[in-house]
Amino acid sequence: MILTRRAALVGGVASGAGLVLSGCDAVGSSDLGRRILFSGDDAHRILQRGITDRTALAREFGADQMSPVFRSNGTRDPATPDYAAHVASRFADWRIAIDGLVTRPLSLSMADLRAMPARSQITRHDCVEGWSAIGKWTGPRLRPLLQLAGLRDSARYLVFHCADRMRGGVPYYESIDLVDAFHAQTILAWLLNDRPLDVAHGAPVRLRVEKHLGYKHAKYVHRIEAVASLDRIGQGKGGYWEDVADYDWYAGI
Ligand SMILES: Nc1nc2c(c(=O)[nH]1)N[C@H]1C(S)=C(S)[C@@H](COP(=O)(O)O)O[C@H]1N2
Ligand SMILES: [Mo]
21 MILTRRAALV GGVASGAGLV LSGCDAVGSS DLGRRILFSG DDAHRILQRG
71 ITDRTALARE FGADQMSPVF RSNGTRDPAT PDYAAHVASR FADWRIAIDG
121 LVTRPLSLSM ADLRAMPARS QITRHDCVEG WSAIGKWTGP RLRPLLQLAG
171 LRDSARYLVF HCADRMRGGV PYYESIDLVD AFHAQTILAW LLNDRPLDVA
221 HGAPVRLRVE KHLGYKHAKY VHRIEAVASL DRIGQGKGGY WEDVADYDWY
271 AGI
């Protein structure tokens, strides 16, 4: 078990419960702070509610509700020579690194991923650009993979590095905190609607982080890096669109 209670709380701080818990850190060391925080149950309740809400499942749909066509958006083909070679070899040599603040860095093949117990979920994808689609995503949960890699106590975020290049040649990147990383519906999807992901939807593997807007769902993932801070990732806001267009890092829906 990697996600200690403390880690779960620290993860919560990163977004929703931020004020509550950083307040806790700041005043918790003094007796007065302790009395303020723990005399009544208010702080606790607020904190508890924030965490409970974030671990609740996103709505799942029935097979009859699936969209006949699932749009693609953003990069539809990374189209680099390197990626084209992976397409040609059907991703036989694709690796997903899990590294950074872990005790056992991993380099997983697609065969490794496909051999993991998988979760399927029929969910609605919502893009900020104003469209939605309901599709069935299948792949291993991120949680056991992180447990295999052994997150260090200092790890607070996961950064997803992608194979496609955006304007200026910058590879797409996104990040989530540990609460979302350990969420039951957070998976590395390699099937969409029971078929291997096509190039447009992020082949061979993409993140699904179901309670967030579309841009958080990184496609073409080749590296998952555990970090203590997002300061030195891109321009420091945690994701490509966060950095270039000021999108919210926390894109909860
Ligand atoms: N690597 C990468 N991931 C990405 C994007 C992208 O351009 N590159 N676009 C994002 C956006 S804005 C959306 S809405 C979804 C679209 O996923 P889809 O193409 O499977 O519909 O992917 C997200 N993940
Ligand atoms: Mo999007």
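Going left to right, the sequence shown walks through residues 21 to 273 as the working numbering numbers them.
The C-beta atom is built at its ideal place from N, Cα and C for all residues, glycine as well.
None of these values were measured; they are calculated from a predicted model.
Measuring only the C-alpha atoms, how far is residue i from residue j?
i, j, result
"GLN167", "THR123", "10 angstroms"
"TRP157", "LEU128", "20 angstroms"
"TYR260", "LEU121", "21 angstroms"
"ILE96", "THR75", "What sits at residue 96 in the sequence shown is Arg, not Ile. In a straight line, the C-alpha of ARG96 is about 31 angstroms away from that of THR75."
"ARG6", "SER195", "Because the chain in this structure spans residues 21 to 273, residue 6 falls outside the shown range and cannot be described."
"ASN93", "PRO125", "31 angstroms"
"ARG55", "HIS232", "Note on ARG55: pLDDT 43, under 50, position unreliable in the model; the coordinate value appears next. Distance between the alpha carbons of ARG55 and HIS232 is about 36 angstroms."
"TYR103", "ARG185", "11 angstroms"
"ARG79", "ILE142", "8 angstroms"
"ASP73", "PHE90", "28 angstroms"
"THR100", "VAL107", "10 angstroms"
"LEU250", "GLY256", "5 angstroms"
"PRO216", "ALA105", "17 angstroms"
"VAL190", "GLY254", "9 angstroms"
"ARG115", "VAL247", "20 angstroms"
"ALA209", "VAL179", "16 angstroms"
"ILE273", "VAL219", "26 angstroms"
"VAL264", "SER174", "28 angstroms"
"ASP119", "ARG172", "11 angstroms"
"LEU211", "ARG134", "10 angstroms"
"TRP269", "ASP146", "15 angstroms"
"ASP197", "MET130", "24 angstroms"
"ALA112", "LEU77", "33 angstroms"
Using CA coordinates, which residue listed in the options is at the minimum distance from residue i?
i, options, result
"TRP151", "GLY234, ILE142, GLY254", "GLY234"
"GLU230", "ALA265, GLU262, SER140, PRO216", "SER140"
"GLY82", "ALA246, GLY155, VAL190, VAL199", "GLY155"
"ARG199", "GLY254, ASP263, ARG176", "One detail in the question is off: residue 199 reads as Val in this sequence, not Arg. Comparing Cα positions, the closest option is ARG176."
"TYR193", "LEU217, ALA138, GLU262", "GLU262"
"MET136", "VAL264, PRO164, VAL148", "PRO164"
"ASP266", "VAL148, LEU133, ALA112", "VAL148"
"ASP161", "ASP132, HIS221, HIS145", "The sequence shown places Arg at residue 161, rather than the Asp named in the question. The shortest C-alpha separation from ARG161 is found at ASP132."
"ARG226", "LYS236, VAL241, ASN213", "VAL241"
"ASP84", "ASN213, ALA271, LYS236", "ASN213"
Following the continuous beta strand (DSSP E) through residue i, name the residue where it begins and the one where it ends.
i, result
"TYR177", "177–185"
"LEU77", "Run containing LEU77: none; DSSP gives neither H nor E here."
"ALA117", "115–120"
"ASP16", "The chain is shown from 21 up to 273; residue 16 falls before or after that span and cannot be answered."
"ASP146", "139–147"
"SER129", "126–129"
Am I right that residue i and residue j are in contact with their C-beta atoms under 8 angstroms? What's the rounded C-beta distance?
i, j, result
"ARG243", "ALA117", "4 angstroms"
"ALA238", "CYS182", "5 angstroms"
"ILE207", "GLY258", "20 angstroms between Cβ atoms; not a contact."
"LEU153", "SER87", "The displayed chain sequence assigns Ala, not Leu, to residue 153. So it is a contact: roughly 4 angstroms between Cβ atoms."
"GLN205", "ARG187", "Incorrect: roughly 31 angstroms between the Cβ atoms, too far for contact."
"ALA201", "LYS236", "Their Cβ separation, rounded to whole angstroms, is 12 angstroms, which puts ALA201 and LYS236 out of contact at 8 angstroms."
First and last residue of the alpha helix (DSSP H) that includes residue i?
i, result
"ASP102", "101–108"
Note down, one range per segment and in chain order, each beta strand (DSSP E) of at least 3 residues found wholly within the segment 151–175. 151–159
Can you list the beta strand (DSSP E) stretches of 3 or more residues lying completely in the segment 198–266, in chain order? 207–209, 226–228, 241–247
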